[in-house]
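A.B. asks: Protein chains in written order, with the working numbering: chain A, 50 to 270; chain B, 50 to 270.
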DNA sequence: ATATAATGTTAGACTAATCTAATATATTAA
DNA sequence: TTAATATATTAGATTAGTCTAACATTATAT
Ligand SMILES: [Mn+2]
Ligand SMILES: [Mn+2]
Ligand SMILES: [Mn+2]
Ligand SMILES: [Mn+2]
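If you want it as structure tokens, here you go:
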């Protein structure tokens, strides 16, 4: 286990690499809100610790060791979030910032107990998979709400964004993980989408919001 | 709120000052396991932040501001310990080290929720008082088990030591907070003490152990 | 009252994590 | 293919927190 700072770098490299496999110094600097030379020197350190593979002007890649470390931190983050919601009764919109701190707590006992109390959960309150103690994660299809056609029905399975303002927005629209929704209308002009909830209530979402809502199609399959 | 390091200094100054009011640089260095000059420079910083009052070669004294800060950290530590025992089902001997980390979590919401779930508790699993959100602590008499005479009966109300090895020892002797005990014998030679538990079982304790067990006399009053 | 011991301070160095300014490399666009 | 742009690296400085070695002050014990 490295320092808190090292852990945050590793975690960010992991999440940025999920799409592309490789991460650039500038991306990481943007994400961590530090300057390029700061990232440059930290990457050298992480490379010397064999957490990342790096050659100047090439991208950054986590080693197996680095990947294991990343998954361990992500596991703690997501277990913490679910615990905060399920056991402590906090809202899904307020747990991310607390989990950012709890993910650095070093206590196998603490996390084993959380895992046990939650009955070895597979997904966090935002629908993200929780790596098991070996770092294994359950794969899931991630279809965006925008990829549904008018008339299609689906279940909301995850959100691709942790930020409080985004989740507050979903709360205001009564959208939650597990909800069944049907596409009523897709606007050509601004790409906004209107849904119908199980309660028959209709809600309108911008493209930007719909994009971050992930669903499992029901009728299409 | 200062850094994690500053918080640990403030907390240690507070606990060392409980007896005497004033704390010496060397005491603090011993407690924090750092060298004298390290403490010296940190004290200067804390003085510049008005957390402590300090003049060279005099003792260190927390200011009101410093005291408030200390009580806030101690509150979080003790709430965390009780939460870990009562809600998460961990043993009183294993929670201190986790609380050392959780006490630095910055989230009023997290701690307000713990407080609420525990129904605004006054004491932690080791019998230490939990400061309320204004820093107010319930006073308690702290009579050592060694101060009882043969034949006297008392309730164990607290332990003056958080360390796992000590609490493991008490677990092995079936001693817990709330237990009613009676002094059966006090040895003159080695100052050891023999108690009888409610179960009629007798247990022998060394002076060193008995000293750290705090009780509330029943018959004497 | 002075020597000795205990305690505290200063000076200077080191590591981790950050920054700015200057420079280098790679990509893209004329 | 050269110029412009984007991206990355190096050099050198800064702050927090720590250290060792040398020196200073206070307390204690002849
Ligand atoms: Mn999160
Ligand atoms: Mn999440
Ligand atoms: Mn404790
Ligand atoms: Mn305690």
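We put the CB at the ideal spot given by N, CA and C, even for glycine.
So the alpha helix (DSSP H) residue 124 of chain A belongs to, where does it begin and stop?
C.D. replies: Taking the first residue of the first chain as position 1, residue 124 of chain A is located at position 75. From DSSP, the alpha helix (DSSP H) with residue 124 of chain A extends over 113-135.
A.B. asks: Residue 122 of chain A and residue 152 of chain A - do their beta-carbons sit closer together than 9 Å?
C.D. replies: Against the first chain, residue 152 of chain A aligns to sequence position 103. Against the first chain, residue 122 of chain A aligns to sequence position 73. One thing to note: residue 152 of chain A has its Cβ within 9 Å of the Cβ of residue 122 of chain A.
A.B. asks: Would you tell me roughly how many angstroms separate the C-alpha atoms of residue 180 of chain A and residue 172 of chain A, rounded to the nearest one?
C.D. replies: For this step, residue 180 of chain A is matched to residue 131 along the first chain. For this step, residue 172 of chain A is matched to residue 123 along the first chain. Cα to Cα, the separation comes out at about 9 Å.
A.B. asks: Suppose you measure from the CA of residue 84 of chain A to the CA of residue 77 of chain A; what does that come to, to the nearest Å?
C.D. replies: The residue you call residue 84 of chain A lines up with position 35 of the first chain. The residue you call residue 77 of chain A lines up with position 28 of the first chain. Going by the C-alpha atoms only, they are around 9 Å apart.
A.B. asks: How about residue 266 of chain A and residue 197 of chain A: are their beta carbons less than 9 Å apart?
C.D. replies: Translated into positions along the first chain, residue 266 of chain A becomes position 217. Translated into positions along the first chain, residue 197 of chain A becomes position 148. In this structure, residue 197 of chain A lies closer than 9 Å to residue 266 of chain A by Cβ.
A.B. asks: Quick one, are the C-beta atoms of residue 135 of chain A and residue 167 of chain A less than 9 Å apart?
C.D. replies: Residue mapping note: residue 135 of chain A aligns to position 86 of the first chain, counting from 1. Residue mapping note: residue 167 of chain A aligns to position 118 of the first chain, counting from 1. Result yes, Cβ atoms of residue 135 of chain A and residue 167 of chain A sit closer than 9 Å.
A.B. asks: Is there a Cβ of chain B sitting closer than 9 Å to that of residue 131 of chain A, yes or no?
C.D. replies: One-based indexing of the first chain puts residue 131 of chain A at position 82. Contact with chain B is absent for residue 131 of chain A, since none of that chain's Cβ atoms lies less than 9 Å from the residue's Cβ.
A.B. asks: Is residue 118 of chain B buried or exposed, if buried means 16 or more other CB atoms sit within 10 Å of its CB?
C.D. replies: Translated into the one-based positions of the second chain, residue 118 of chain B becomes position 69. Classification for residue 118 of chain B: buried.
A.B. asks: Please report how far the alpha carbon of residue 269 of chain B lies from the alpha carbon of residue 191 of chain B, in whole angstroms.
C.D. replies: Counted from its first residue, the second chain places residue 269 of chain B at position 220. Counted from its first residue, the second chain places residue 191 of chain B at position 142. At residue 269 of chain B the pLDDT is 49, less than 50, meaning the model places this residue with poor confidence and gives no usable figure here.
A.B. asks: Chain A beta carbons: is any one of them nearer than 9 Å to that of residue 189 of chain B?
C.D. replies: Locating residue 189 of chain B in the second chain gives position 140, counting from the first residue. So no, residue 189 of chain B is outside the interface.
A.B. asks: Counting only beta-carbon atoms, is residue 270 of chain B nearer than 9 Å to chain A?
C.D. replies: By one-based count along the second chain, residue 270 of chain B stands at place 221. Summary for residue 270 of chain B: the model assigns pLDDT 46, below 50, so the residue's position carries little reliability; its value from the coordinates is reported in the next sentence. Taking Cβ atoms only, chain A never reaches closer than 9 Å to residue 270 of chain B, which makes this a no.
A.B. asks: Which same chain residues, not among the five before or five after residue 234 of chain B, have their C-beta less than 8 Å away from its C-beta?
C.D. replies: Within the second chain, residue 234 of chain B is the residue found at index 185, counting from 1. Around residue 234 of chain B, the same chain offers 199, 242, 243 as residues with beta carbons nearer than 8 Å, after the five sequence neighbours per side are excluded.
A.B. asks: List the endpoints of the continuous alpha helix (DSSP H) containing residue 87 of chain B.
C.D. replies: Taking the second chain and counting its residues from 1, the one referred to as residue 87 of chain B is at position 38. Run containing residue 87 of chain B: 85-97, per the alpha helix (DSSP H) assignment.
A.B. asks: Relative to ligand 3, is the shortest distance from any of its heavy atoms to the C-beta of residue 256 of chain A smaller than 8 Å?
C.D. replies: On the first chain, position 207 is the one that residue 256 of chain A refers to. The answer is no for residue 256 of chain A.
A.B. asks: Could you check whether the Cβ of residue 51 of chain A sits closer than 9 Å to any Cβ belonging to chain B?
C.D. replies: Numbered from 1 along the first chain, position 2 holds the residue referred to as residue 51 of chain A. It does not: the Cβ of residue 51 of chain A has no partner Cβ on chain B nearer than 9 Å.
A.B. asks: So the beta strand (DSSP E) residue 245 of chain B belongs to, where does it begin and stop?
C.D. replies: For this step, residue 245 of chain B is matched to residue 196 along the second chain. Residue 245 of chain B -> beta strand (DSSP E) spans 242-246.
A.B. asks: Pull the bridge partners of residue 178 of chain B from the DSSP assignment, please.
C.D. replies: Taking the second chain and counting its residues from 1, one reaches residue 178 of chain B at position 129. DSSP, once it has assigned bridges, lists B:172 as partnering residue 178 of chain B.
A.B. asks: Can you tell me which of the three DSSP states residue 274 of chain B falls into?
C.D. replies: For residue 274 of chain B there is no data in the structure shown, the boundaries of chain B being 50 and 270.
A.B. asks: Can you tell me whether residue 227 of chain A is buried or exposed? The criterion is at least 16 other CB atoms within 10 Å of its CB, across all chains shown.
C.D. replies: Here residue 227 of chain A refers to the residue found at position 178 when the first chain is read from its first residue. So residue 227 of chain A counts as exposed.
A.B. asks: Quick one: residues in its chain with C-beta nearer than 7 Å to the C-beta of residue 142 of chain A, no 5 flanking neighbours on either side, listed in chain order?
C.D. replies: The count along the first chain starts at 1 and reaches residue 142 of chain A at position 93. If we look at residue 142 of chain A and ignore the five residues flanking it on each side, its Cβ neighbours are 213, 216, 217, 220.
A.B. asks: Would you kindly check if the distance between the Cβ of residue 203 of chain A and the Cβ of residue 261 of chain A is under 9 Å?
C.D. replies: Locating residue 261 of chain A in the first chain gives position 212, counting from the first residue. Locating residue 203 of chain A in the first chain gives position 154, counting from the first residue. No. Outside cutoff.
A.B. asks: Run through chain A and tell me which residues come within less than 8 Å of residue 158 of chain B, C-beta to C-beta.
C.D. replies: The residue labelled residue 158 of chain B in the question sits at position 109 within the second chain. Correct list: 139, 143, 147.
A.B. asks: Does the beta-carbon of residue 127 of chain A, which I'm using as the reference point, lie nearer than 8 Å to any heavy atom of ligand 1?
C.D. replies: Counted from its first residue, the first chain places residue 127 of chain A at position 78. Yes, Cβ of residue 127 of chain A sits closer than 8 Å to a heavy atom of ligand 1.
A.B. asks: Have a look at residue 170 of chain A and residue 162 of chain A and give me their C-alpha separation to the nearest angstrom.
C.D. replies: Mapped onto the first chain, residue 170 of chain A falls at position 121. Mapped onto the first chain, residue 162 of chain A falls at position 113. CA-CA distance, residue 170 of chain A to residue 162 of chain A, rounds to 12 Å.
A.B. asks: Given a threshold of 16 other Cβ atoms within 10 Å of its Cβ, counted over all protein chains shown, does residue 211 of chain B qualify as buried or as exposed?
C.D. replies: Within the second chain, the letter at position 162 stands for residue 211 of chain B. Buried, by the Cβ-count rule.
A.B. asks: Could you tell me which residues DSSP pairs with residue 235 of chain A in its beta bridges?
C.D. replies: To locate residue 235 of chain A, count along the first chain from 1; it is residue 186. Residue 235 of chain A is bridged to A:242.
A.B. asks: Name the one or two DSSP bridge partners that residue 266 of chain A has.
C.D. replies: The residue given as residue 266 of chain A occupies position 217 in the first chain. Per DSSP, A:203.
A.B. asks: List the whole-angstrom C-beta distance separating residue 263 of chain A from residue 206 of chain A, where the pair is believed to meet the contact cut-off of C-beta under 8 Å.
C.D. replies: Indexing the first chain from 1 puts residue 263 of chain A at position 214. Indexing the first chain from 1 puts residue 206 of chain A at position 157. Yes, they are in contact, since the Cβ atoms of residue 263 of chain A and residue 206 of chain A sit about 6 Å apart, within 8 Å.
A.B. asks: So residue 155 of chain B contacts chain A; which residues on that side make the cut at Cβ distance below 8 Å?
C.D. replies: Taking the second chain and counting its residues from 1, one reaches residue 155 of chain B at position 106. Going along chain A in sequence order, the residues near residue 155 of chain B (Cβ under 8 Å) are 150.
A.B. asks: Name the chain A residues whose beta carbon is nearer than 8 Å to that of residue 162 of chain B?
C.D. replies: Translated into the one-based positions of the second chain, residue 162 of chain B becomes position 113. Those within 8 Å of residue 162 of chain B in chain A are 137, 138, 139.
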